[in-house]
Structures are given as structure tokens and as C-alpha cells.
Amino acid sequence: MDSVLRQSKAMCPFLKAASPATLRALSTSARPKPSPCGGTMSKLQVLGHRCPVMGKAMAVQSARAGAVATGLRAFSGQPKTGKARIHTSGLQEARTADGPIIEARENVRRALGHNGGSIDKFNYEGFYTTELDKKHKDKSYRYFNNINRLAKEFPRAHMANKDERVTVWCANDYLGMGRNKRVLNTMKETLDEYGAGAGGTRNISGHNRHAVELENTLAKLHAKEAALIFSSCYVANDATLATLGSKMPDCVILSDSLNHASMIQGIRHSGTKKVVFKHNDVADLEAKLASLPLHVPKIIAFESVYSMCGSIGPIEGICDLADKYGAITFLDEVHAVGMYGPNGAGVAEHLDWEAHQKGSTRDTIMDRIDIITGTLGKAYGCVGGYIAGSGKLVDMIRSLAPGFIFTTSLPPATMAGAKASIEYQMEYDDDRKLQQLHTRAVKEELNNRDIPVIPNPSHIIPILVGNAELAKAASDMLLQDYQIYVQSINYPTVPVGQERLRITPTPGHTKEYRDELVEAVDQIWTRLGIKRTSQWAAEGGFIGVGEQGKVEEPLWTDGQLGIEQATKEMKANGRPDGSFTEALLEREGSNATRLAGRVAAR
């Protein structure tokens, strides 16, 4: 637009001489001179009609606009009757009845420059093709691989052909609970007794004891008064934010810039004001909170673990700001439930480890969070989502949220299996400890080979590629040449230029699998010429890769993982005692000893 204006000023003596203020004044002041389409013209339009160049152009435009307006008036001027007419008489009568409509269509057609023939109907298939071509052109088109996870061979899977075995390295079944015997047996028993489906929505025919028991378990997990189950956490986030934002008068929702699409969609559906703050930047958040009136209802929406980069939200700092500026907190713990804390309740619980280990929840960080959302489909290995909070909040969402009211309930077997999975992880933390150990080992080996891992304190291992085409090629090579499945991540999940591979170790990814993965990635980086960490560092670093001093300490400490105790016992008798350390040795072998030795040497 600026370029056009500069060119116009260079060519037109009037525009060249007139100041911006003069042009604004002329465009906003009206004279009682009728325009061809009705209404009045501004002084600038009047002057334009006098111009030998612009005058001709405006005359043509006015003629077209007038024809379109005539056509639209003919459309809108048709008499409306109480019931539809069905033309059962001859063709001539039908043409007579539709005469004004046909004439209007002709006026519109001529106004739009169609001098012959008929206006074509919208080309839907052509539209689909154009949109897909855009995805292919920018290399962000998504291909789905046929991956069938095998419960008895976790983390192995087969492709379309059952004989084609691959190792899955990117599933969000972080703890392998999708094949846990207690979960499967519970689901089988419930399926046999209660059948496959729920029978409908909770409001009509889907409410049952399985829903009540699961919600009670979730409320207990997060030390909240109540919980509510949804078909997914996408729906939970969308429905809850949309309902709160639309019902609270003048509500403002403050959203982290890296929030999940489900929260973004919920805020959009609420129709309320949105304020985006910089990712994990409490100073920027406070500046935005301070600019809002204290009496205005405010919701701070953020995550505990951001799944594509692995960063951890500053939960305590955000709680402090919420107290100070009269806001409520909405924390998405989707990628953290089951994974952090002594009971697996998430990062908010993990930050007060000792208190929660003793069963004390009062005045903890988790207690300060107003609304917690989570999923049953990742670390718990089932499907579904939920919110947890005060009894009145949950009752309000249950009563008002369309995303809950009009959605079929989860099947009884699914809810029973999810409850069994949560209770299992509340009792037993070895799985998440092993997952953390495997994550540490993979990160360390990749770093040793100059592979660019985006630094973070969580269980996510994002490997920076920085190019959509290269990321897809690396993913394809891993699958085709090494039988390793790691999906590439591109826009819109991550910004253009930040494409990556996202690796998620599980308790089942033992040393043999880890060694295969690291060797394969190293070879592919060489074959495709993808930038390594040292190359990013030479360019000044990028999103944490190759940046000086960018070190993220793991959220799980050595003490919480039991490494310190294992090290002491190893030194004392050469083999540790206790179920955790025995399992660690059995699964880790020499790597466990090496890891414990490194920790002791620090």
C-alpha cells in the first residue's frame, strides 16, 4: 500500500501537493451530492470525478456497483409467502414466475464482467485442490504412516504388513500404560458386563457409576473438590474457556504465546478479549495484567509442559500474579499428568514434592491453581480429557458448556480403564522414574554426537532441523532405512523455520533401542547435511540450540529419581537392594552403573 501511494504521489499533481491531513479531511467530509449507488459523496470523491484519469475509472466502477445493487434489490424484493412454491405447471409458467430473479442474475453477471454464457457454480473440488497444493508447496503437507502398536511387544509396532516391525519413538503413551495388565483386565471385565458404548450423552443416557468413580479419582489426584470428564482434553479446554469467557462480563483471557490450539480455539469461541503474553515471561504477563482494571474478571491460561519444546511453565510466579491482580489460573497439565509428582498429578504437584509425599496439599502450588485440565490419553494410556476445580466451577461447566452437554459420554470400559491407570500410577512411580532415566540417557548421547537437541528440563526430546523438507526426509529415512518411527513436526504445530523431530522415550526404550536410535540419527544428519549444534552455535544459536549458557536442569532431581541412593548402595555392596534399583539394573544393565557413577563423580 505504501508503494502504491508513493507511485501515485509521483504521478498525480494533486496528490503530490496535498498533505496527509488534507486528504483525511477531504475523505471524511461529505457534501450533499448524491452518488450513483445512493448516499452522498465526500469532497475527495467529487474532486476525483473531475480528474480526467480518475473520473473515467470511477464512472466505470459506479456503473458496475449500480448494476449489482439493482440485482440485489431484485433478489430481496421477491414476495415472501408462508410456504414454498412447487412449480408443477409448464416450463413457461416457471420462467414467468422466476422472471425478476433471472433478470437480477443477469444484472449481477453483467456487472461482474460476464458478457456471455452463464456464471459457473463454485468449484468445490478445485478449491480443495488449491488448498492442498499450498500445503505441498511449502512442504507442510502431512503424511500418515500405518503404525500398529503391539501391546505385547511395546514399544514395537508393525506397519500395514504385520511382518514389517518398527520401533516407535514418538508416541505419547509415555509410560506404556496402554498395555498395562491391570488396565487391560479392568477394561475387559467392564466391556463384558456393560458393553461397548455409553448409550448417549451424560444428560440423557450416558451417566453411570464409571463416570462418577473416575471423576472422584481425578478430584482426589489433584486435591480438588470436583472433576468433569470430556471426550478429549481438546474439548475440555475449548468448552471450559469458551463458557467462562462468554459468561463472565467483560472477561479478559491472558494466554501464553505457545499455548495449545485447544486453548486458542476456546478463547476464540468465547468471543471475549484475548491478551497474549510472551512465552513463560512473567514480566510481560504482569505488565499486561497491570494495564487491566482490577475489577475486570481475568483468566490466565497456560501449560505446565509445552509438548513441542519441552519447556516448563513458571507456575508459582503466575499464581503470585493472579493473586496480585485478581485473576484465576487455568493450567493445562496434559503432558505432565502421570509423569511428575509423587502421585503423578503433574508439575504443580512436583514443585511441592515433599509436602505431597506426606499427603499435605493445603497451601501448595497445586492448591493455588483454580482450574486444572488433563488428559487420559497420554501417560494414562486410555482416551478422554477432564477439568478439576471447585465444586461450583465444575457444576457450572457441566450445566452450560455445549462441548459437554451435547457429546456422547466415554464408554464404561474406557472410564474404568482410565481409573485403574490413574490409581496404578498413584501407587507406583517406577515407570516415570525409568522414563526420566531413559530421557537423560538419550539426551546425553545425542549431545555427545553434536545433534541439536532443544534444551529443556522435561521428558520431551525435540531435535531441531529447521526445514520442513529436511525434517520429512529425516523421518522417512528413519522409518525406511532403520525401522524407527519418529514423526516430523512442522507448521502449524511449530513456526516455519523451527521444524523438528520430537522423540519421547518410555520405560520400554532400553539401551539396545537407544543405541539404535542415536546411531541412526547421527548417520542421517550426515547423509542429509542437517545442521549440528556446533553449526547453530557458529551462527549465534537458535531457540536455545548452540546458545552460550543455555543449560536446563532436569525437573526430576537425582534424589527424586533415586540415583543418589542407588549410588550409595552400589558403593556399599556392588548391587543395590529394593525394587526400584533392582528394576533399574535389570532394565539398564551397564548403563545404570555408568549413569550412577557419573552422578557420584560430580
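Just so we're aligned: the sequence shown equals residues 1 to 602 in UniProt numbering. Here a beta-carbon is modelled for each residue, glycine too, at the ideal position from N, C-alpha and C.
Does DSSP put residue i in a helix, in a strand, or in coil?
i                 : result
valine 347        : helix
leucine 294       : coil
lysine 273        : strand
alanine 249       : In the sequence as presented, alanine is not what sits at residue 249; that position holds proline. In this structure, proline 249 counts as coil in the three-state DSSP scheme.
glycine 385       : strand
tyrosine 143      : coil
aspartate 515     : helix
leucine 331       : strand
tyrosine 306      : coil
threonine 167     : strand
isoleucine 365    : helix
cysteine 12       : coil
arginine 502      : strand
leucine 254       : strand
phenylalanine 404 : helix
Could you work out which residue in the options is closest to residue i when comparing CA atoms only?
i              : options                        : result
glutamate 444  : Gly391, Tyr380, Trp353, Glu552 : Glu552
aspartate 481  : Pro462, Pro505, Gly197, Arg165 : Arg165
isoleucine 387 : Leu331, Lys419, Leu351, Leu434 : Leu331
serine 488     : Gly497, Leu478, Leu501, Met477 : Leu501
isoleucine 300 : Met308, Ser307, Lys324         : Lys324
glycine 344    : Asn203, Tyr174, Asn448, Val296 : Tyr174
isoleucine 147 : Ile563, Met159, Leu254         : Met159
residue 610    : Glu131, Val545, Thr373         : There is simply no residue 610 to check, as the chain begins at 1 and stops at 602 in what is shown.
glycine 549    : Asp522, Arg527, Asn456, Trp525 : Asn456
proline 155    : Lys433, Thr510, Ala538, Asn280 : Thr510
aspartate 250  : Tyr340, Val296, Ala261         : Val296
threonine 266  : Ser257, Val337, Ala239         : Correcting the residue identity first, residue 266 is glycine in this sequence and not threonine. The shortest Cα separation from glycine 266 among Ser257, Val337, Ala239 belongs to Ala239.
leucine 561    : Val545, Gln435, His269, Gly317 : Gln435
glycine 178    : Leu528, Gly508, Glu512, Glu519 : Gly508
tyrosine 424   : Arg182, Asp320, Pro52          : Arg182
alanine 261    : Tyr306, Ala416, Asp192, Val521 : Tyr306
isoleucine 463 : Ala355, Trp169, Leu400         : Trp169
isoleucine 315 : Met366, Arg362, Lys298         : Met366
glycine 497    : Val518, Glu519, Leu470         : Leu470
cysteine 233   : Ile119, Lys162, His335         : His335
Is residue i buried or exposed, if buried means 16 or more other CB atoms sit within 10 Å of its CB?
i             : result
glycine 540   : exposed
proline 411   : buried
alanine 30    : The predicted model places alanine 30 with a pLDDT of 49, which falls under 50 and marks its position as unreliable; any figure quoted below should be read in that light. Classification of alanine 30: exposed, given that the 10 Å Cβ count is below 16.
threonine 129 : exposed
leucine 446   : buried
arginine 202  : buried
alanine 283   : exposed
glutamate 333 : buried
histidine 136 : exposed
glycine 381   : buried
Rounded to whole angstroms, what is the Cα-Cα separation between residue i and residue j?
i              : j              : result
glycine 310    : threonine 504  : 10 Å
residue 605    : glycine 197    : The structure shown does not extend to residue 605, since the chain is modelled only from 1 to 602, so the question has no answer here.
glycine 48     : isoleucine 405 : 58 Å
serine 205     : glycine 199    : 6 Å
proline 452    : isoleucine 461 : 10 Å
glycine 466    : glutamate 499  : 5 Å
histidine 222  : methionine 308 : 24 Å
lysine 378     : lysine 273     : 31 Å
arginine 440   : glycine 389    : 34 Å
glycine 391    : alanine 227    : 8 Å
residue 603    : alanine 348    : Outside the displayed range of the chain (1 to 602) lies residue 603, so it cannot be described from this structure.
glycine 245    : glutamine 357  : 35 Å
valine 275     : asparagine 208 : 40 Å
proline 492    : lysine 568     : 48 Å
glutamine 523  : glutamate 215  : 48 Å
alanine 157    : leucine 289    : 48 Å
isoleucine 484 : threonine 526  : 17 Å
Just curious, the alpha helix (DSSP H) that residue i is in, first and last residue?
i             : result
leucine 478   : 468 to 482
alanine 416   : 412 to 427
alanine 151   : Here alanine 151 belongs to no alpha helix (DSSP H), and DSSP marks it neither H nor E.
residue 627   : No information on residue 627 is available, as it lies outside the stretch 1 to 602 that the chain covers here.
alanine 18    : That residue, alanine 18, is in no alpha helix (DSSP H); it is neither H nor E in DSSP.
arginine 398  : 391 to 400
glycine 559   : 558 to 561
arginine 440  : 430 to 448
glutamine 357 : 353 to 357
glutamine 535 : 533 to 538
leucine 555   : Counting along the chain, leucine 555 falls outside any alpha helix (DSSP H), and DSSP gives it neither H nor E.
Just to confirm the assignment, what range does the beta strand (DSSP E) spanning residue i have?
i              : result
residue 617    : Limits of the chain in this structure are 1 at one end and 602 at the other, which puts residue 617 out of reach.
histidine 158  : 156 to 158
isoleucine 372 : 371 to 375
leucine 228    : 226 to 230
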